[in-house]
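Participant: So that you can map any letter, position 740 of the sequence shown is 740 in full-length UniProt numbering, and since no number is skipped, the others follow by simple counting.
Don't be surprised by glycine CBs; every beta carbon is placed ideally from N, CA and C.
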Amino acid sequence: MKFGNRGHNIPCTNLLSGRCYITSQNHGFAVDARTLTEDWTELFVNANDGSNEGIRHISRPYFSVQFHPESAPGPQDTEELFDVFIDTILKTIEDPSMMSQPVRFPGGDIAENEKLHPRVHVKKVLVLGSGGLSIGQAGEFDYSGSQAIKALKEEGIYTILINPNIATIQTSKGLADKVYFLPVNADFVRKVIKQERPDAIYCTFGGQTALSVGIQLKDEFEGLGVQVLGTPIDTIITTEDRELFARSMESIGEKCAKSASANNIEEAMAAGQTIGFPVIVRAAYALGGLGSGFANNDAELRELCNKAFAASPQVLIERSMKGWKEIEYEVVRDCRDNCITVCNMENFDPLGIHTGDSIVVAPSQTLSDEDYNMLRSTAVNVIRHLGVVGECNIQYALNPDSREYCIIEVNARLSRSSALASKATGYPLAFIAAKLGLGIPLNEIKNTVTKVTCACFEPSLDYVVVKIPRWDLKKFTRVSTLLGSSMKSVGEVMSIGRTFEEAIQKAIRAVDVSNLGFQETDALMSIDTELQTPSDQRMFALANAMHSGYDVDKIWEMTKIDKWFLSKLKGLSNFGKLMSTKKVAEVAAPLFRQAKELGFSDKQLATFWGTSEQTVRKSRLQHQIMPVVKQIDTVAAEFPAFTNYLYTTYHGKESDIDFTDNGVMVLGSGVYRIGSSVEFDWCSVRTVRTLRENGFKTVMVNYNPETVSTDYDEADRLYFENITLETVLDIYQLENSSGVILSMGGQTPNNISLPLHRLNVKILGTSPEMIDTAENRYKFSRMLDRIGVDQPQWKELTSIDEAKKFCDSVKYPVLVRPSYVLSGAAMNTVYSEHDLANYLNQAVEVSREHPVVITKYIEGAKEIEMDAVAQNGKMIGHFVSEHVENAGVHSGDATLIQPPQDLDAETVRRIEEATRKIGDALN
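#1: Figure out for me which residue from Ile58, Ala30, Ala47, Cys20 has the closest Cα to the Cα of Glu38.
#2: Do Lys423 and Met494 have their C-beta atoms within less than 7 Å of each other?
#3: To the nearest angstrom, how far is the alpha carbon of Asn750 from that of Thr855?
#4: What residue range does the beta strand (DSSP E) around Ala30 cover?
#5: Round the Cβ separation of Asp716 and Thr687 to the nearest angstrom and send it over; I've been treating them as touching at under 8 Å.
#6: Hey, would you say Leu128 sits closer than 7 Å to Cys203, going by beta carbons?
#7: Do Arg413 and Leu211 come within 7 Å of each other at the CB atom, strictly closer than that value?
#8: Can you find the residues in the same chain that come closer than 7 Å, C-beta to C-beta, to Ser489, ignoring five residues on each side of it along the sequence?
#9: For Glu404 and Tyr372, what's the separation of their Cα atoms in angstroms?
#10: If you draw a straight line from the C-alpha of Met875 to the C-alpha of Pro900, how long is it?
#11: For the alpha helix (DSSP H) that Leu516 lies in, which residues bound it at each end?
#12: Distance, Cα to Cα, Val465 vs Ala503?
#13: Ignore the nearest five residues each way along the sequence and tell me which others in Gly439's own chain have a CB closer than 7 Å to its CB.
#14: With DSSP run on the structure shown, which of helix, strand or coil describes Cys305?
#15: Taking Cβ to Cβ, would you say Asn704 is nearer than 7 Å to Val671?
#16: Just checking my contact of Leu718 with Leu646 at CB under 8 Å: how many whole Å lie between their CB atoms?
#17: Cα separation between Tyr329 and Val361?
#18: Buried or exposed for Ala310, please, with buried defined as at least 16 other CB atoms from any protein chain shown within 10 angstroms of its CB.
#19: What does DSSP give as the partner residues of Gly54 in its beta bridges?
#20: Give the single residue among Ile110, Gly74, Thr13, Gly139 whose Cα lies nearest to the Cα of Thr710.
#21: Ordered along the chain, which non-local residues of its own chain (more than five positions away) have a Cβ less than 6 Å from that of Leu229?
#22: Does the structure place the segment 82-98 close enough to the segment 39-57 that three or more beta carbon pairs sit under 8 Å?
#23: Quick check on Val465: does DSSP put it in helix, strand or coil?
#24: Consult DSSP for Val479 and reduce its assignment to one of helix, strand or coil.
#25: Helix, strand or coil: how does DSSP classify Val584 here?
#26: In the DSSP output, which residue or residues are listed as bridge partners for Ser535?
#27: What did DSSP end up calling Asn113 once you bin it into helix, strand or coil?
#28: Quick one: measure Cβ to Cβ for Thr727 and Thr615, integer angstroms, because I've assumed they're closer than 8 Å.
#29: Between which two residues does the beta strand (DSSP E) holding Asn347 run?
#30: Taking the Cβ atom as the reference point for each residue, do Leu667 and Val701 lie within a distance shorter than 7 Å?
#31: On the three-state DSSP scale, how would you describe Ile359?
#32: What do you reckon, are the CB atoms on Phe518 and Ala545 nearer than 7 Å?
#33: With DSSP as the reference, please indicate the residues paired to Trp794 in a beta bridge.
#34: Identify, in the order they occur along the chain, each residue of the same chain with its Cβ nearer than 8 Å to the Cβ of Ala774, setting aside the five sequence neighbours on each side.
#35: If you measure between the beta carbons of Leu316 and Ser259, is that distance less than 7 Å?
#36: For Thr812, which of Leu797, Asp835, Ile800, Ser819 has the nearest alpha-carbon?
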């Protein structure tokens with residue numbers, strides 16, 4: 001054979017039933033089916049390359065297979081062949097006439113199976129979006145909805161979308177055939193169905209919002225002439241209703257956490273007594289674990305139930321398994337009962353923290369093959385029993401000291417982890433799920449990554465992926481920063497490396513510009529409290545604890561984080577200590593390379609060695625240490641991969657691709673946070689699409705798994721990488737890029753515009769010096785004075801005394817404005833001298849390298865916004881919008897009206913004039 005079949009994830013189709021199984025194989029030769037004599041015929045063929053995997057006799061009870069049904073190690077999907085074998089022997093002993101009959105296999109007959117589950121023929125499909133972004137339901141549903149629409153269009157189906165979120169790709173021109181900007185609720189969906197008369201509807205691509213509408217309208221769909229595609233609504237209700245789910249699992253002998261549902265406080269208290277404390281309380285039908293938490297006694301339980309009943313009519317109380325491992329599998333099943341697990345993920349934190357707030361590692365690092373396949377087989381059984389069609393995910397709690405496990409929940413829709421799994425494995429889950437809903441079997445869909453194998457395969461990864469959430473709790477006063485079973489994070493980052501250390505350091509840096517990596521930081525908490533009650537500062541607490549000499553066992557006692565992870569992190573901490581004893585000139589090449597392999601950035605090493613980032617870079621290049629570019633290879637080199645999905649690593653001798661494109665680099669927006677989310681992804685994707693339409697090659701750089709921009713088919717090349725000076729320079733030089741566009745990614749790329757410009761990187765669009773003039777408050781205010789555009793009285797902050805003098809002369813209130821910040825971070829209105837010093841310190845903290853300006857705050861003023869497009873300083877298009885609230889409410893929190901309702905022509909003319917002057921001055 002050209003490529004031998006070796007691996008745990010090779011699909012084989014049974015020619016009698018048409019079913020496809022995942023098998024363990026290790027062979028380099030195969031039977032040539034053309035040489036079989038006429039009384040023998042093929043039984044199994046390889047779904048990837050069509051080679052023979054099994055033969056049977058047509059009139060006698062003989063058969064043989066080429067793969068390993070005993071599955072040690074590997075998936076247990078074909079173990080039933082042993083039962084068939086033993087069963088045939090016993091029957092033949094009983095009745096010798098069986099010797100002249102062929103073996104009978106389970107799974108039915110291919111023609112019957114096709115008749116039972118025919119292809120769905122529809123011309124017009126309605127897709128429900130997820131509406132406005134909220135915690136627990138953000139850009140990942142823009143990604144899944146967009147992929148679903150692409151899949152439907154590929155099948156020639158007319159698509160209609162309902163989604164009021166203007167900042168998404170799915171609502172943009174060129175994707176759905178028709179978009180309704182309406183609330184996703186039962187009333188409006190009903191009206192659209194009556195107006196458009198679609199043949200079918202998808203409720204599984206719009207998160208909890210779309211699901212709830214599907215459940216509300218389930219009895220009306222038939223009367224409206226609409227078929228529900230994908231997972232049946234009854235299955236969804238079974239997985240959403242905790243009680244029904246627990247019963248359904250019992251019926252197949254699977255264990256859920258011991259639980260009881262309650263409709264009022266009395267029932268809840270009684271349930272607490274029967275199950276025994278500690279318990280976890282969850283509200284039914286709630287997203288992101290809303291209204292849930294842990295209770296150790298009656299008083300805590302009563303308090304939690306009061307909260308939960310405010311959010312939901314029913315509450316679930318179950319046994320708490322805090323300290324157990326939390327494991328997740330993404331599972332895909334088609335209508336012919338082919339079922340695969342696409343990605344298995346493990347939470348770094350033990351059970352007790354919502355998956356959305358947990359660090360997640362894929363593939364899992366601490367499970368044995370036995371554990372992995374035990375949970376995999378369970379996942380396949382459960383999903384088959386529930387009858388899911390398309391994609392879903394199943395979450396387990398696994399006792400680290402035994403093989404006891406129980407099922408936490410099943411999401412019978414695309415969830416936020418589906419987006420992560422898609423990006424982690426390069427397997428387009430949402431796209432495939434949309435196709436499966438049309439009744440197309442898995443083994444007839446092409447794998448879009450390799451272009452030659454089929455979609456019925458389980459990716460095997462030769463890299464590690466780490467996801468870390470980002471919280472923005474600092475923006476709120478008096479908010480609890482503790483993490484529990486209710487989700488608080490507003491975004492997440494994903495990074496790819498060849499080792500856990502490389503990946504986790506990249507991810508820590510991706511979460512925030514100020515993070516250098518896993519090292520000691522000035523944290524705001526006591527180490528012990530933080531380790532025992534996790535908050536958003538947990539990673540820093542671990543680093544500080546290790547730096548202060550806590551050993552792995554002690555930290556494990558306090559956190560129950562697996563020792564494998566802790567010892568890897570301890571290794572990083574020790575290496576960091578070693579580095580801080582060195583100077584840049586005395587570090588030899590092997591040690592330097594080791595630092596880079598462990599994921600230390602140039603900037604991080606510069607702080608250890610007491611020098612600048614550029615000096616470290618220069619020294620690294622002198623040692624000829626450069627990263628190599630690797631492709632995401634989901635078939636672990638079994639077949640050639642033709643993917644444009646890339647990451648950089650220091651573990652490797654050569655790059656997987658050649659660099660002849662000279663593409664234009666577009667820098668994405670990075671992690672979602674308050675003030676920068678899916679709208680910047682929209683900008684990046686529209687930019688890439690426009691460049692491609694005009695014949696330019698494109699290179700997308702971003703590290704956010706929830707987005708459309710990190711979809712494999714949007715750009716010519718996608719780098720899943722950090723947007724930092726070091727990485728952007730490396731990619732720019734490797735790719736020999738013809739220019740960088742950084743105005744589309746919001747604040748993250750803007751922050752590195754000047755340093756890139758100073759290193760002679762070609763920046764397309766507004767020049768970085770001009771970007772600096774606009775971002776730097778002092779330069780901007782000075783420029784406005786120069787060109788004669790009115791502004792409130794202002795002064796640059798030089799000292800607290802000067803500031804006090806200025807404030808006394810212009811009178812309070814004043815506005816404190818740091819530079820280079822997004823969505824008004826640390827921007828505050830100050831009403832008295834008493835608050836002034838405190839707010840000034842906050843602002844200086846946020847923009848250390850840039851000036852802080854104080855301006856007079858005008859009360860009761862109207863706020864007008866102007867968006868304009870200019871070429872070479874000349875305004876060529878503009879749009880004025882008016883705020884409903886008075887000035888002082890951040891534009892991200894304000895209600896906007898377009899076009900403006902109560903501005904006179906003279907005001908609009910003056911705004912246009914001022915904009916012209918500014919555009920001209922900034923060129």
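Facilitator: A quick look at the data gives this:
#1: Here residue 38 corresponds to residue number 38 of the sequence shown, with the count starting at 1. Answer by Cα proximity: Ile58.
#2: Residue mapping note: residue 423 aligns to position 423 of the sequence shown, counting from 1. Residue mapping note: residue 494 aligns to position 494 of the sequence shown, counting from 1. Contact: yes.
#3: Taking the first residue of the sequence shown as position 1, residue 750 is located at position 750. Taking the first residue of the sequence shown as position 1, residue 855 is located at position 855. Between Asn750 and Thr855, the C-alpha separation is close to 24 Å.
#4: Within the sequence shown, residue 30 is the residue found at index 30, counting from 1. Unbroken run through Ala30: none, as it is neither H nor E.
#5: Within the sequence shown, the letter at position 716 stands for residue 716. Within the sequence shown, the letter at position 687 stands for residue 687. Not confirmed; about 13 Å, so no contact.
#6: Looking up residue 128 in the sequence shown gives position 128. Looking up residue 203 in the sequence shown gives position 203. Taking 7 Å as the Cβ cut-off, Leu128 and Cys203 qualify as a contacting pair.
#7: Mapped onto the sequence shown, residue 211 falls at position 211. Mapped onto the sequence shown, residue 413 falls at position 413. Yes, they are a contact pair.
#8: Looking up residue 489 in the sequence shown gives position 489. Closer than 7 Å at the Cβ level, and outside the excluded window around Ser489, lie Gly356, Asp357, Pro469, Arg470, Trp471.
#9: Counting from one through the sequence shown, the residue named residue 404 turns up at place 404. Counting from one through the sequence shown, the residue named residue 372 turns up at place 372. If I take the Cα positions, the gap works out to 13 Å.
#10: Translated into positions along the sequence shown, residue 875 becomes position 875. Translated into positions along the sequence shown, residue 900 becomes position 900. When rounded, the distance between both Cα atoms is 20 Å.
#11: Sequence index remark: in the sequence shown, residue 516 carries index 516 (1-based). No alpha helix (DSSP H) holds Leu516; DSSP gives it neither H nor E.
#12: Counted from its first residue, the sequence shown places residue 465 at position 465. Counted from its first residue, the sequence shown places residue 503 at position 503. Straight through space, the alpha carbons of Ala503 and Val465 are spaced by roughly 6 Å.
#13: In the sequence shown, counting from the first residue as 1, residue 439 sits at position 439. Taken in chain order, the residues that qualify are His117, Pro118, Arg119, Val120, Cys335.
#14: Taking the sequence shown and counting its residues from 1, one reaches residue 305 at position 305. Correct three-state label for Cys305: helix.
#15: Start at 1 with the first residue of the sequence shown, and residue 704 comes out as number 704. Start at 1 with the first residue of the sequence shown, and residue 671 comes out as number 671. Yes, the pair counts as a contact, with Cβ atoms nearer than the cut-off.
#16: For the purposes of this step, residue 718 is taken as residue 718 along the sequence shown, with counting starting at 1. For the purposes of this step, residue 646 is taken as residue 646 along the sequence shown, with counting starting at 1. Between Leu646 and Leu718 the Cβ distance is about 6 Å, and since that is below 8 Å, they are a contact.
#17: On the sequence shown, residue 329 is found 329 positions in, with the first residue counted as 1. On the sequence shown, residue 361 is found 361 positions in, with the first residue counted as 1. Between Tyr329 and Val361, the C-alpha separation is close to 12 Å.
#18: Within the sequence shown, numbered from 1, the residue matching residue 310 stands at position 310. Using a 10 angstroms sphere on the CB of Ala310, the tally of other CB atoms stays under 16, which defines it as exposed.
#19: Walking along the sequence shown from the start, residue 54 turns up at place 54. DSSP, once it has assigned bridges, lists Phe44, Val65 as partnering Gly54.
#20: Counted from its first residue, the sequence shown places residue 710 at position 710. The option with the nearest alpha carbon to Thr710 is Gly139.
#21: Position 229 of the sequence shown, counting from 1, holds the residue named residue 229. Around Leu229: Ala200, Tyr202, Gly437.
#22: Judged by pairs of C-beta atoms under 8 Å, the segment 39-57 does not touch the segment 82-98, as fewer than three such pairs exist.
#23: Locating residue 465 in the sequence shown gives position 465, where the first residue counts as 1. Val465: strand per DSSP, three-state reduction.
#24: Along the sequence shown, read from residue 1 onward, the residue named residue 479 stands at position 479. If DSSP states are grouped into helix, strand and coil, Val479 belongs with coil.
#25: As a first step, residue 584 must be located in the sequence shown, where it is residue number 584. Three-state DSSP puts Val584 in a helix.
#26: Reading the sequence shown from its first residue, position 535 is the one you call residue 535. BP columns for Ser535 point to Leu482.
#27: Taking the first residue of the sequence shown as position 1, residue 113 is located at position 113. Residue state, collapsed to three classes: helix.
#28: The residue you call residue 727 lines up with position 727 of the sequence shown. The residue you call residue 615 lines up with position 615 of the sequence shown. Actually they do not touch by this definition, with Cβ atoms about 18 Å apart.
#29: By one-based count along the sequence shown, residue 347 stands at place 347. Counted as a single uninterrupted DSSP element, the beta strand (DSSP E) harbouring Asn347 occupies residues 339-347.
#30: Translated into positions along the sequence shown, residue 667 becomes position 667. Translated into positions along the sequence shown, residue 701 becomes position 701. Yes, the Cβ-Cβ distance between Leu667 and Val701 is below 7 Å.
#31: Along the sequence shown, read from residue 1 onward, the residue named residue 359 stands at position 359. DSSP places Ile359 in coil when its eight states are reduced to three.
#32: The sequence position of residue 518 within the sequence shown is 518, counting from 1. The sequence position of residue 545 within the sequence shown is 545, counting from 1. No, these two residues do not count as a Cβ contact at 7 Å.
#33: To locate residue 794, count along the sequence shown from 1; it is residue 794. In the DSSP output, where bridge partners are listed per residue, Trp794 has Thr855.
#34: Looking up residue 774 in the sequence shown gives position 774. Counting only Cβ-Cβ distances below 8 Å, and skipping sequence neighbours, we find Phe780, Leu922.
#35: To locate residue 316, count along the sequence shown from 1; it is residue 316. To locate residue 259, count along the sequence shown from 1; it is residue 259. Yes, the pair counts as a contact, with Cβ atoms nearer than the cut-off.
#36: In the sequence shown, residue 812 corresponds to position 812, counting from 1. Per the sequence shown, the amino acid found at residue 812 is Tyr instead of Thr. The shortest Cα separation from Tyr812 among Leu797, Asp835, Ile800, Ser819 belongs to Asp835.
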